[in-house]
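Following the working numbering, the numbering of the sequence shown begins with 21 at its first residue and continues without gaps.
Only one structure is covered here, and it is reproduced in the block below.
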Amino acid sequence: MEHILIVYYSRRGENYWGGKICKLEKGNTEIVAEMIQKAVDGDLFEIDTVKPYSADYTTCTREAQQELRANARPELKQYLEDLEGYDTIFVGYPNWWGTMPMAVFTFLEHYDLTGKRIVPFCTNEGSGMGRSESDLRKICTGAVVEQGLAIRGTEASQSEEEVSAWAKGFSHK
21 MEHILIVYYS RRGENYWGGK ICKLEKGNTE IVAEMIQKAV DGDLFEIDTV
71 KPYSADYTTC TREAQQELRA NARPELKQYL EDLEGYDTIF VGYPNWWGTM
121 PMAVFTFLEH YDLTGKRIVP FCTNEGSGMG RSESDLRKIC TGAVVEQGLA
171 IRGTEASQSE EEVSAWAKGF SHK
């Protein structure tokens with residue numbers, strides 16, 4: 021029997037959405053993660069940093085860029101005890117500066133992912149997956165990293181059919 025984990029980082033509040041800054045009650049990546057969970061019955065885990073990013077979108081983007089340039093690994097509030105019981109791990113994130121937020125790197129590098137299947141998905145406003153898939157292949161040694169799904173943030177809440185069909189392609193349930 022296959023065991024699936026959906027792990028994600030998402031940003032609520034101020035976001036760049038539809039060409040302008042607006043406040044989101046729920047982050048786009050969280051919306052997509054919940055659609056995947058509904059489709060494949062996986063366990064859901066949200067990555068959260070100890071030090072929150074700025075509530076101001078523009079300041080947050082600068083903080084994210086500084087972390088990327090420094091190759092930082094921000095401290096996380098919590099981890100799962102282990103990933104032993106999971107065969108397939110969906111990994112979701114917004115595309116920040118062409119890749120995943122550094123908190124996602126922190127989470128993944130905490131575990132031995134040998135033998136796991138990593139299935140990435142990201143939300144973006146036009147930049148697609150960026151280089152995140154190649155970054156995942158570098159840090160998830162011993163794992164198989166599948167081709168990911170990029171969803172425009174403005175289309176996240178209307179993407180359930182596409183997301184569900186895609187996710188079910190990686191599930192044997």
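All C-beta atoms, glycine included, are put in the ideal place defined by N, C-alpha and C.
Subject >> Rounded distance between the beta-carbons of residue 97 and residue 60, thought under 8 Å >> reply: The sequence position of residue 60 within the sequence shown is 40, counting from 1. The sequence position of residue 97 within the sequence shown is 77, counting from 1. Between residue 97 and residue 60 the Cβ distance is about 25 Å, and since that is not below 8 Å, they are no contact.
**OP:** Would you give the residue range spanned by the beta strand (DSSP E) that residue 170 belongs to?
**Re:** Position 150 of the sequence shown, counted from the start, is the residue given in the question as residue 170. From DSSP, the beta strand (DSSP E) with residue 170 extends over 169-172.
**OP:** Measure the beta-carbon distance from residue 170 to residue 148 and round it to whole angstroms, keeping in mind my assumption that it falls under 8 Å.
**Re:** Your numbering for residue 170 matches position 150 in the sequence shown. Your numbering for residue 148 matches position 128 in the sequence shown. That belief holds up - the Cβ atoms of residue 170 and residue 148 are roughly 4 Å apart, short of 8 Å.
Original post:
If you draw a straight line from the alpha carbon of residue 43 to that of residue 94, how long is it in whole angstroms?
Top reply: As a working note, residue 43 is residue 23 in the sequence shown. As a working note, residue 94 is residue 74 in the sequence shown. The alpha-carbon atoms of residue 43 and residue 94 are separated by roughly 24 Å.
Subject >> Complete runs of the alpha helix (DSSP H) confined to the stretch 60-133 [at least 4 residues] >> reply: 77-90, 122-129
Original post:
In the structure shown, what three-state DSSP assignment does residue 166 receive?
Top reply: If you number the sequence shown from 1, residue 166 lands on position 146. Reduced to three states, the DSSP call for residue 166 is coil.
**OP:** Identify, in the order they occur along the chain, each residue of the same chain with its Cβ nearer than 6 Å to the Cβ of residue 185, setting aside the five sequence neighbours on each side.
**Re:** The residue given as residue 185 occupies position 165 in the sequence shown. So no residue of the chain qualifies.
Original post:
Considering only the beta carbon of each residue, do residue 126 and residue 151 sit closer than 7 Å?
Top reply: Taking the first residue of the sequence shown as 1, we reach residue 126 at position 106. Taking the first residue of the sequence shown as 1, we reach residue 151 at position 131. No, they are not a contact pair.
**OP:** May I ask you to report which of helix, strand or coil DSSP gives residue 46?
**Re:** Translated into positions along the sequence shown, residue 46 becomes position 26. Coil, per DSSP.
**OP:** Return the first residue and the last residue of the alpha helix (DSSP H) that residue 157 is part of.
**Re:** As a working note, residue 157 is residue 137 in the sequence shown. Here the alpha helix (DSSP H) through residue 157 covers 152-159.
Subject >> Minimum C-alpha distance to residue 68 - residue among 39, 121, 162, 105 >> reply: Translated into the one-based positions of the sequence shown, residue 68 becomes position 48. Among 39, 121, 162, 105, the Cα nearest to that of residue 68 belongs to 121.
Subject >> Nearest-angstrom Cα separation, counted from residue 64 out to residue 38 >> reply: The sequence position of residue 38 within the sequence shown is 18, counting from 1. The sequence position of residue 64 within the sequence shown is 44, counting from 1. C-alpha separation (whole angstroms): 27 Å.
Original post:
Looking at residue 112 and residue 187, is the spacing between their C-beta atoms short of 7 Å?
Top reply: For the purposes of this step, residue 187 is identified with residue 167 of the sequence shown, where counting begins at 1. For the purposes of this step, residue 112 is identified with residue 92 of the sequence shown, where counting begins at 1. Taking 7 Å as the Cβ cut-off, residue 187 and residue 112 do not qualify as a contacting pair.
Subject >> Delimiting residues of the beta strand (DSSP E) encompassing residue 34 >> reply: Your numbering for residue 34 matches position 14 in the sequence shown. 33-37 is the span of the beta strand (DSSP E), which, as asked, contains residue 34.
**OP:** Quick one: measure Cβ to Cβ for residue 66 and residue 28, integer angstroms, because I've assumed they're closer than 8 Å.
**Re:** As a first step, residue 66 must be located in the sequence shown, where it is residue number 46. As a first step, residue 28 must be located in the sequence shown, where it is residue number 8. With a Cβ gap of about 6 Å, residue 66 and residue 28 count as contacting.
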